[in-house]
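Student: Questions regarding the structure given below will be posed in turn.
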């Protein structure tokens, strides 16, 4: 082969490798966009996402012919959720250009100065939350939209935004038409409290405050939003019909005087030195702030200059976001392991040669999931770059492939749990691997807490604190140990691990009483993937004995309402486990209710096909009891009032649900009205 032919072949091979890397990065970024914007469940830390996106941008600039038309670098991430009504954006909700060095900041401001020598800039904290647009008409909050796709439509979340107590619902009537943009966030302390509550209930915990804020704002029940305690900062006036402003900082002060919480402690700067000092000052304060920030935003202050600079298809040209990069260090991978968490999630973990980063010694780093491992293609003995994601959790962000040893195989998460040996299963759209073992020690406290929770077997007194104490003292090591606690009554009283005689006896009585719980609640208490309380009810209505469920085929299971292919597969996988079969046999011997008598009747159910909402304080029932009565009589209970609601059962202090029901002309029932209807 001639030298020129060799060079051509090398160039072709090089371009092929570059194209493959760009395709791989684009695919991974689209997946991360979907998880972040659409499911409020980020798979990686923001700084890791930024590194991947920046790598793709660099390659696209260097090899423009290989750039795809619909590259992730060309659009605002996210789509619109089908469960919300949508509305068009009056003004697009664009994202910002990210820069990662002070030199890039200076390049940006100098480019603006070439057109506007006297330009001034505002430097603000970049709040880590969910972007929102608020529209006021004639002084009233008319509509709140999420970003959605950023250009065309957003999700209408007006009722949820009204639950944030710092959002004014009413402005002076002279405000005829106002459109503003802000960031919904959850402060750090509230985030920690919410995750403790989620974990105690056996529910999925949030990855970070931004994830928690986004997941909360997209709840269908406004009461949940109110309970979660979100906050808001307004950072831009988009449109105002009644007055003209010359500068951004003037508009922020106007909004502040109207009662809006605006971008806190912003800086008005002109020189490069002032801008860089503001960025550094924000960085110095960020650890002590009660809310999360991930950078500083540098904005042109003059609104006339902004209009002249305009926007691209994705970003405004009058602002950039400087992202604070975590400290990075290079080290070597000495082992790759699978770690089983308290929820049963199996996470790949890199064991590292110890290295000091951000003031502490790091010897382990998370790899998130199998997709992340595959994207990095990280292997044993690799030289890697690590940083502390969010300045807290160490993570691997890059691999030096030039230093890789030959013939090192790829790392794959195990098919069987490394702790208990049960089969593992991918859930959450196939991104996360979980142990399916009912009796896995790594997740046993969480399983016991959920089994005993109000939504499941409702064992009063067996909450998070009690379970943890009983676990530490070796009274509880398996689910079935709950029903053997009576054998240790004297020891429990003597130890005082959960209290003295009265508390111990109350707990033992509650445990004994739970044996009478309905069969569907036992099924829900098992924590089978995709099987919640309502699906458990549907299962029991079709298969009224535990043996019938265990023997059912996937095809038979899919005939049950709400049981799709994934749920049917989870049920089969769960009951195929020998360990789980043994535990079910033990529960039978212990006398739990694993059977439901079928009531055959041609008489229609009293509440058949009727939808109820229950609100306020009731005298004769708690919420769970009245819910069970409604469902037993053929009705359905939902948490939010809508046009599809047939009846609202209202106790004392009914609140906003009663107001909304009245506005929709929905039939209001007192507790006595409801009892009369049942009778």
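In the working numbering, the protein residues as written are 622 to 1300.
Even glycine gets a Cβ: it sits at the ideal position worked out from N, Cα and C.
Since this is a predicted model, take the numbers as computed values, not measurements.
#1: Per DSSP, what are the beta-bridge partners of residue 861 in this structure?
#2: Using the Cα positions of residue 756 and residue 1033, report the straight-line distance between them to the nearest angstrom.
#3: Is it right to say residue 778 is buried, meaning 16 or more other beta carbons lie within 10 angstroms of its own, or is it exposed?
#4: I'd like the list of long-range same chain contacts for residue 750, defined as Cβ closer than 7 angstroms, with 5 residues on each side in sequence excluded.
#5: If you run the structure through DSSP and keep just helix, strand and coil, what is residue 909?
#6: Assuming residue 788 and residue 853 make a contact with CB atoms under 8 angstroms, what is their CB distance in whole Å?
#7: With C-beta atoms as the reference, is residue 1024 less than 9 angstroms away from residue 1065?
#8: Would you mind giving the Cβ-Cβ distance between residue 919 and residue 1072, rounded to the nearest angstrom? I have them listed as a contact below 8 angstroms.
#9: Note down the Cα distance separating residue 1000 from residue 1022, rounded to an integer number of angstroms.
#10: Between which two residues does the alpha helix (DSSP H) harbouring residue 727 extend?
#11: What residue range is occupied by the uninterrupted alpha helix (DSSP H) comprising residue 1124?
#12: Please work out which residues of its chain come closer than 7 angstroms, Cβ to Cβ, to residue 1137, disregarding the five sequence neighbours upstream and downstream, and give them in chain order.
#13: Under the DSSP definition of a beta bridge, which residues are partnered with residue 707?
#14: For residue 1281, is the beta carbon positioned less than 8 angstroms from some heavy atom of the ligand HEM?
#15: Buried or exposed for residue 1156, please, with buried defined as at least 16 other CB atoms from any protein chain shown within 10 angstroms of its CB.
#16: Using alpha carbons as the reference points, say which of 1299, 1263, 1042 lies closest to residue 1282.
#17: Indicate the three-state DSSP secondary structure (helix, strand or coil) for residue 701 in the structure shown.
#18: DSSP state of residue 648, grouped into three classes?
#19: Between the C-alpha atoms of residue 759 and residue 794, what's the straight-line distance to the nearest angstrom?
#20: With a threshold of 16 other CB atoms inside 10 Å of the CB of residue 1008, please say whether the residue is buried or exposed.
#21: To test your reading of the DSSP string, which unbroken beta strand (DSSP E) runs of 3 or more residues are found completely within the region 891-960?
#22: Decide if the region 706-721 is in contact with the region 766-780; the criterion is three or more beta carbon pairs, one per stretch, under 8 angstroms apart.
#23: From residue 817 to residue 914, what distance separates their C-alpha atoms?
#24: Would you mind reading off the limits of the alpha helix (DSSP H) that contains residue 1031?
#25: Helix, strand or coil: how does DSSP classify residue 1078 here?
#26: Determine contact between the region 1262-1279 and the region 1195-1211, defined as no fewer than three beta-carbon pairs at a distance below 8 angstroms.
#27: Exposed or buried, residue 1037, counting other C-beta atoms within 10 Å across all chains shown (16 or more means buried)?
#28: Three-state secondary structure (DSSP) at residue 1181?
#29: Round the Cβ separation of residue 1251 and residue 1239 to the nearest angstrom and send it over; I've been treating them as touching at under 8 angstroms.
#30: Give the DSSP bridge partners of residue 1053, in chain order.
#31: Which residue from 1121, 683, 792, 1091 puts its Cα closest to that of residue 762?
#32: Quick check: what's the CA-CA separation for residue 1012 versus residue 1230?
#33: Is it right to say residue 931 is buried, meaning 16 or more other beta carbons lie within 10 angstroms of its own, or is it exposed?
#34: Looking only at its own chain, which residues have a Cβ that is under 6 angstroms from the Cβ of residue 688, when we skip the five neighbours before and after it?
#35: Work out the CA separation of residue 753 and residue 702 for me, nearest whole Å.
#36: Where does residue 1197 sit, in a helix, a strand or coil, going by DSSP?
Tutor: On the basis of the coordinates in this document:
#1: DSSP lists 799 as partners of residue 861.
#2: Using only the alpha carbons, I get a separation of about 49 angstroms.
#3: Here residue 778 is buried. Its C-beta has 16 or more other C-beta atoms within 10 Å.
#4: Cβ-Cβ distances below 7 angstroms link residue 750 to 804, 805, 806, 831, 834 in the same chain, with the five nearest sequence neighbours on each side left out; the list follows chain order.
#5: It is helical.
#6: The C-beta distance from residue 788 to residue 853 rounds to 6 angstroms, short enough to meet the 8 angstroms contact threshold.
#7: Against a cut-off of 9 angstroms, the Cβ pair of residue 1065 and residue 1024 comes out as no contact.
#8: Taking C-beta atoms under 8 angstroms as the contact rule, residue 919 and residue 1072 fail to qualify, at a distance of about 52 angstroms.
#9: In a straight line, the C-alpha of residue 1000 is about 10 angstroms away from that of residue 1022.
#10: For residue 727, the enclosing alpha helix (DSSP H) starts and ends at 723-736.
#11: For residue 1124, the enclosing alpha helix (DSSP H) covers residues 1122-1135.
#12: The residues are 1214.
#13: In DSSP, residue 707 forms a bridge with 776.
#14: You won't find the ligand HEM in this model; it holds no ligand whatsoever.
#15: By the C-beta density criterion, residue 1156 is buried, having at least 16 other C-beta atoms within 10 angstroms.
#16: Looking at the Cα atoms, 1263 is the closest of the given residues.
#17: Because the pLDDT of residue 701 is 43, which lies under 50, any placement of that residue in the model is unreliable, and the question is left without a value.
#18: Three-state DSSP puts residue 648 in a helix.
#19: So the alpha carbons of these two residues sit roughly 5 angstroms apart.
#20: A residue is called buried when at least 16 other Cβ atoms come within 10 angstroms of its Cβ; residue 1008 meets this threshold and is buried.
#21: Taking only runs of at least 3 residues, the beta strand (DSSP E) segments lying wholly in the region 891-960 are 914-921, 940-944.
#22: By the Cβ rule, the region 706-721 counts as touching the region 766-780, because three or more pairs are nearer than 8 angstroms.
#23: The alpha-carbon separation between residue 817 and residue 914 amounts to approximately 22 angstroms.
#24: Run containing residue 1031: none; DSSP gives neither H nor E here.
#25: Three-state result, residue 1078: coil.
#26: Three or more beta-carbon pairs separated by less than 8 angstroms are not found between the region 1262-1279 and the region 1195-1211, which leaves the two stretches without contact.
#27: Only exposed fits residue 1037, as fewer than 16 other CB atoms lie within 10 angstroms of its CB.
#28: Note: residue 1181 maps to coil in three-state DSSP.
#29: Contact flag wrong, Cβ pair sits at about 12 angstroms.
#30: Answer is 1048, bridged to residue 1053.
#31: The option with the nearest alpha carbon to residue 762 is 792.
#32: Any reading at residue 1012 needs caution, since the residue's pLDDT is 47, under 50, leaving its predicted position unreliable; the model's value is listed next. Roughly 52 angstroms between the two C-alpha positions.
#33: That one is exposed.
#34: 681, listed in sequence order.
#35: Confidence is the limiting factor: at residue 702 the pLDDT is only 44, short of 50, which leaves the residue's position unreliable and the question unanswerable from this model.
#36: The answer is helix: DSSP assigns residue 1197 an H, G or I state.
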